[in-house]
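Protein chains in written order, with my numbering: chain A, 45 to 239; chain B, 45 to 239.
Note that beta-carbon positions come from the ideal geometry of N, C-alpha and C, so glycine has one too.
A quick write-up on the structure given underneath.
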DNA sequence: GACGATTGCTACGAAGCCGAAGTAATGTCC
DNA sequence: GGACATTACTTCGGCTTCGTAGCAATCGTC
């Protein structure tokens, strides 16, 4: 569902605010909770499309897709520089078949290597290469400057927004709330090999 | 970028909160604005995936995709029950080739008909059929009850969230701010043929 | 009213995504 | 230790998306 368009170059704004327009229609015909929920989904959809267009444009200029970039980044932050394909599938919530596809491509491009797991012959490890680190770092710097730092919200507003979305994700069981804090702390502690 | 998974049935939560985990990594290595912007994008992405999975599951049970449903809904709310393909492309920000594809499929399924524009021979109108109205209404009721009303946020929080995302979209020029209000008012005024 | 630019749509083809089925290794239970 | 279930990954095939190029109609300009 990643439609084209984009911010600078080749982008056309929609003629009006589709979120508010459809909110009016919904408020007239259905329950208030349905109208506000529809508005939330539509607003998230259009915000996602807006940002994803910009992100994908940056990725294309580095010969990546966002999915491949995401995998590279997690590989960079790992202390061993390696992750199992199943971990990638579970954490990034990418179906196994898609992970295979992504890893195939990253390997073709020599950004990672596939390595057999030392103790479990079923398992494959992806290991990032030097070239992979270079590409991921360059893409990150570009992304930070071109997209992330340019989002039109103040720091408190950004925090407010991510907090609201966190609550939405918790209520939708998007991640394991029980065990999350410990893992996040652990990720925060290590810092090897990034940047 | 519409990955699978889903809420009820075949869904597995991620092992931890990817947004907060990567925020820690970013805060350690890059500018604060890059970290908060990354968190905003990632939170929007994962919220979108969460909701879109549920939405697409509902759509599948009505033999629709969300894109096809969106077009049907806008056709329902139109006073003439018809829209030009170019209007659909601009408003929903779907590339022309994709609109052709969507309209092809809706026509195959007899949910819309293609009709020549009365005065401009270049232009094609999509007109919703009775069957199309039935399908769209059923899908909407299902969607309202199954997804939109179930989002885990209070009414004030929903408003706060859509307001923040509106500001993000305005700053990214997602829609024509100048002319939007007038159109939204006009959409709100008419109510023919919905529900 | 003629000609170049623009607009509206479609055909084609490449790429990404993912459900389902298949293969192989490991784990579990008695 | 044998049988069955589970886990990890890949292969296959179908679907959606969308960039590009093309065609036809219309508009703008002189």
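Cα-Cα separation between residue i and residue j, rounded to whole angstroms
| i | j | result |
| --- | --- | --- |
| residue 140/B | residue 146/B | 10 Å |
| residue 257/B | residue 133/B | Residue 257/B lies beyond the residue range present for chain B, which begins at 45 and ends at 239; the question has no answer from this structure. |
| residue 229/B | residue 177/A | 51 Å |
| residue 52/B | residue 152/A | Only weak support is given to the placement of residue 52/B: the predicted model assigns it a pLDDT of 35, under 50, and the value that follows is read from those uncertain coordinates. So the two alpha carbons sit approximately 36 Å from each other. |
| residue 179/B | residue 185/B | 10 Å |
| residue 82/B | residue 67/B | 7 Å |
| residue 127/B | residue 231/B | 14 Å |
| residue 174/A | residue 79/B | 24 Å |
| residue 170/A | residue 123/A | 13 Å |
| residue 142/B | residue 130/B | 11 Å |
| residue 207/B | residue 234/B | 24 Å |
| residue 88/B | residue 187/A | 16 Å |
| residue 118/A | residue 135/B | 36 Å |
| residue 125/B | residue 157/B | 11 Å |
| residue 203/B | residue 168/A | 45 Å |
| residue 165/A | residue 148/A | 19 Å |
| residue 46/A | residue 93/A | For residue 46/A, the predicted structure reports a pLDDT of 41, less than 50, and the residue's modelled location is therefore unreliable. The matter cannot be settled from this model. |
| residue 198/A | residue 76/B | 11 Å |
| residue 56/B | residue 226/B | 44 Å |
| residue 194/B | residue 137/A | 22 Å |
| residue 220/A | residue 161/B | 53 Å |
| residue 154/A | residue 110/A | 17 Å |
| residue 102/B | residue 91/B | 17 Å |
| residue 65/B | residue 73/B | 13 Å |
| residue 86/A | residue 210/B | 11 Å |
| residue 144/B | residue 69/B | 43 Å |
| residue 112/B | residue 200/A | 37 Å |
| residue 84/B | residue 150/A | 26 Å |
| residue 190/A | residue 172/B | 42 Å |
| residue 71/B | residue 95/B | 28 Å |
| residue 60/A | residue 120/B | 18 Å |
| residue 196/A | residue 192/B | 27 Å |
| residue 116/A | residue 58/B | 18 Å |
Residue i, buried or exposed, once every other Cβ within 10 Å from all chains shown has been counted against 16
| i | result |
| --- | --- |
| residue 216/B | buried |
| residue 114/B | buried |
| residue 97/A | buried |
| residue 182/B | exposed |
| residue 218/A | buried |
| residue 159/A | exposed |
| residue 62/B | buried |
| residue 100/A | buried |
| residue 163/A | exposed |
| residue 242/B | In the structure as shown, chain B begins at 45 and stops at 239. Residue 242/B is therefore absent and cannot be evaluated. |
| residue 224/A | buried |
| residue 105/A | exposed |
Residues bridged to residue i [DSSP beta-bridge criterion]
| i | result |
| --- | --- |
| residue 158/A | 170/A |
| residue 58/B | 219/A |
Residue span of the alpha helix (DSSP H) that contains residue i, given as start and end
| i | result |
| --- | --- |
| residue 128/B | Careful: residue 128/B lies outside any alpha helix (DSSP H), inside the beta strand (DSSP E) at 126–128. |
| residue 152/A | 140–152 |
| residue 210/A | 199–215 |
| residue 88/B | 76–105 |
| residue 112/A | 110–121 |
Distance cut-off 8 Å: residue i Cβ against heavy atoms of the ligand ATP
| i | result |
| --- | --- |
| residue 217/B | No copy of the ligand ATP appears in this structure; indeed no ligand is present at all. |
- Task: Taking only beta carbons into account, state which residues of the stretch 126–144 of chain A come closer than 9 Å to chain B, listed in chain order.
- Result: 131, 134, 135, 136, 137, 138, 139, 142
- Taking a cut of 9 Å between CB atoms, which residues from the stretch 179–203 of chain B lie near chain A? 184, 185, 187, 188, 189, 191, 192, 193, 194, 195, 196, 197, 199, 201, 202, 203
- Against chain A: residues of the stretch 159–178 of chain B by CB proximity under 8 Å: none
- Item | Residues, ordered as in the chain, of the stretch 71–82 of chain B that lie near chain A by beta-carbon distance below 9 Å | 71, 72, 73, 74, 75, 76, 77, 78, 79, 80, 81, 82
- Task: Identify each residue in the stretch 215–230 of chain A for which the Cβ-Cβ distance to at least one residue of chain B is less than 7 Å, and report them in chain order.
- Result: 215, 216, 217, 218, 219, 220, 223, 224, 227, 228
- Query: Which residues, in order along the stretch 54–67 of chain B, keep a beta-carbon less than 9 Å from a beta-carbon of chain A?
  - Reply: 55, 56, 57, 58, 59, 60, 61, 62, 63, 64, 65, 66, 67
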